[in-house]
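Here's the structure we're looking at; comments come further down.
Written out as structure tokens, the structure reads:
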């Protein structure tokens with residue numbers, strides 16, 4: 006299943022790089038100041054003529070977000086070449102840590118993907134326990150989280166023909182309140198019983 010995405014363009018400086026808009030559109034940020042980002046990571050969305058594209062960090066780029074145009078996560082009109090993020094140059098250790106985190110989701114034996122774009126929550130309310138935790142076994146039909154879309158909460162249910170009846174959660178990739186794009190990995194899984 007292919008999902009539409011665009012790669013940001015970059016202007017490099019000696020200590021900072023600017024990630025710029027690859028096209029005219031409406032930009033929504035999903036990265037926060039201080040967050041470490043690396044090549045291939047989804048850091049926002051650009052809507053062009055009512056079509057939404059995931060915006061990914063281009064190859065060879067890594068760093069900490071020092072500022073972003075969409076810091077309040079609203080829809081911001083952008084022109085081609087407008088600065089979306091300023092990134093400080095990441096140390097090799099930081100870049101490796103971020104890349105291995107992204108790769109963990111991509112290289113999992115199984116992945117549970119976001120069925121739509123929205124804001125992810127791992128618990129029904131801040132005072133309640135998470136639906137699942139790493140190490141838990143999930144069953145078909147079990148709620149694993151919530152996605153907030155247009156102020157409506159939708160249950161994320163573990164189900165799908167390509168998923169086994171049960172699986173063990175290795176990792177929950179998004180944090181509470183993170184924006185995800187359809188097709189992003191939510192859970193890194195392995196079949197129950199190690200199959």
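In my numbering, the protein residues as written are 6 to 200. C-beta atoms are modelled at their ideal positions from N, C-alpha and C, and glycine is treated no differently.
So what's residue 140 in DSSP terms, helix, strand or just coil? In the chain shown, counting from the first residue as 1, residue 140 sits at position 135. In this structure, residue 140 counts as coil in the three-state DSSP scheme.
Using only alpha-carbon positions, find the residue among 70, 14, 67 that is nearest to residue 60. Along the chain shown, one-based indexing puts residue 60 at 55. Of the candidates 70, 14, 67, the one whose C-alpha sits nearest the C-alpha of residue 60 is 14.
Could you check the C-alpha separation between residue 155 and residue 121 for me, to the nearest Å? The residue given as residue 155 occupies position 150 in the chain shown. The residue given as residue 121 occupies position 116 in the chain shown. So the two alpha carbons sit approximately 12 angstroms from each other.
Using alpha carbons as the reference points, say which of 171, 193, 62, 149 lies closest to residue 36. Here residue 36 is taken as the residue at index 31 of the chain shown, counted from 1. Ranked by Cα distance from residue 36, the first of 171, 193, 62, 149 is 62.
Specify the secondary structure class of residue 198 as computed by DSSP and reduced to three states. Mapped onto the chain shown, residue 198 falls at position 193. In the structure shown, residue 198 falls within a helical segment according to DSSP collapsed to helix, strand and coil.
Could you have a look at residue 97 and say whether DSSP puts it in helix, strand or coil? Start at 1 with the first residue of the chain shown, and residue 97 comes out as number 92. The predicted position of residue 97 is uncertain, since its pLDDT is 37 and thus under 50; a value taken from the coordinates is nonetheless stated next. For residue 97, the three-state secondary structure derived from DSSP is helix.
Can you list, in chain order, the residues of its chain with a C-beta nearer than 6 angstroms to that of residue 21? Leave out the 5 residues immediately preceding and following it. As a first step, residue 21 is located in the chain shown; it is residue number 16 there, counting from the start. Closer than 6 angstroms at the Cβ level, and outside the excluded window around residue 21, lie 91, 93.
Is the segment 49–59 touching the segment 19–34 in the sense that three or more CB pairs, one from each, lie closer than 8 angstroms? Look at the beta carbons and you see the segment 19–34 touching the segment 49–59: at least three pairs across the two are nearer than 8 angstroms.
With respect to the beta strand (DSSP E) encompassing residue 175, which residues constitute its N-terminal and C-terminal limits? Against the chain shown, residue 175 aligns to sequence position 170. Element bounds for residue 175: 171–177.
Could you tell me the alpha carbon to alpha carbon distance between residue 149 and residue 119, rounded to whole angstroms? Indexing the chain shown from 1 puts residue 149 at position 144. Indexing the chain shown from 1 puts residue 119 at position 114. Answer to the nearest angstrom: the Cα atoms are 11 angstroms apart.
Buried or exposed: where does residue 55 fall if 16 or more other Cβ atoms within 10 Å of its Cβ makes it buried? Position 50 of the chain shown holds residue 55. When all chains shown are included, residue 55 counts as exposed.
Cβ pair residue 39, residue 80 closer than 8 angstroms: Here residue 39 corresponds to residue number 34 of the chain shown, with the count starting at 1. Here residue 80 corresponds to residue number 75 of the chain shown, with the count starting at 1. Cβ atoms of residue 39 and residue 80: not closer than 8 angstroms.
Looking at C-alpha atoms only, which residue of 159, 24, 41 is the closest neighbour of residue 129? Translated into positions along the chain shown, residue 129 becomes position 124. Per the Cα distances, 159.
Quick one: grab the DSSP three-state call for residue 156. On the chain shown, position 151 is the one that residue 156 refers to. The answer is coil: DSSP assigns residue 156 none of H, G, I, E or B.
Cut-off 8 angstroms between Cβ atoms - residues of its own chain near residue 169, not counting five sequence neighbours on either side: As a first step, residue 169 must be located in the chain shown, where it is residue number 164. Around residue 169, the same chain offers 115, 196, 197, 200 as residues with beta carbons nearer than 8 angstroms, after the five sequence neighbours per side are excluded.
CA-CA distance, residue 182 and residue 191? Stepping through the chain shown from its first residue, residue 182 is reached at position 177. Stepping through the chain shown from its first residue, residue 191 is reached at position 186. Taking the straight line from one Cα to the other gives about 13 angstroms.
Pair within 8 angstroms by beta-carbon distance, residue 173 and residue 194: On the chain shown, residue 173 is found 168 positions in, with the first residue counted as 1. On the chain shown, residue 194 is found 189 positions in, with the first residue counted as 1. For residue 173 and residue 194, yes; Cβs fall inside 8 angstroms.
Are the Cβ atoms of residue 143 and residue 171 separated by less than 8 angstroms? The residue labelled residue 143 in the question sits at position 138 within the chain shown. The residue labelled residue 171 in the question sits at position 166 within the chain shown. For residue 143 and residue 171, yes; Cβs fall inside 8 angstroms.
Residues of its chain near residue 12, where Cβ-Cβ distance is below 7 angstroms and the 5 sequence neighbours each way are ignored: On the chain shown, position 7 is the one that residue 12 refers to. Within the same chain, residue 12 has close Cβ partners 27, 61, 63.
Same chain, Cβ closer than 6 angstroms to residue 71, neighbours up to 5 away in sequence not counted: Here residue 71 corresponds to residue number 66 of the chain shown, with the count starting at 1. If we look at residue 71 and ignore the five residues flanking it on each side, its Cβ neighbours are 91, 93.
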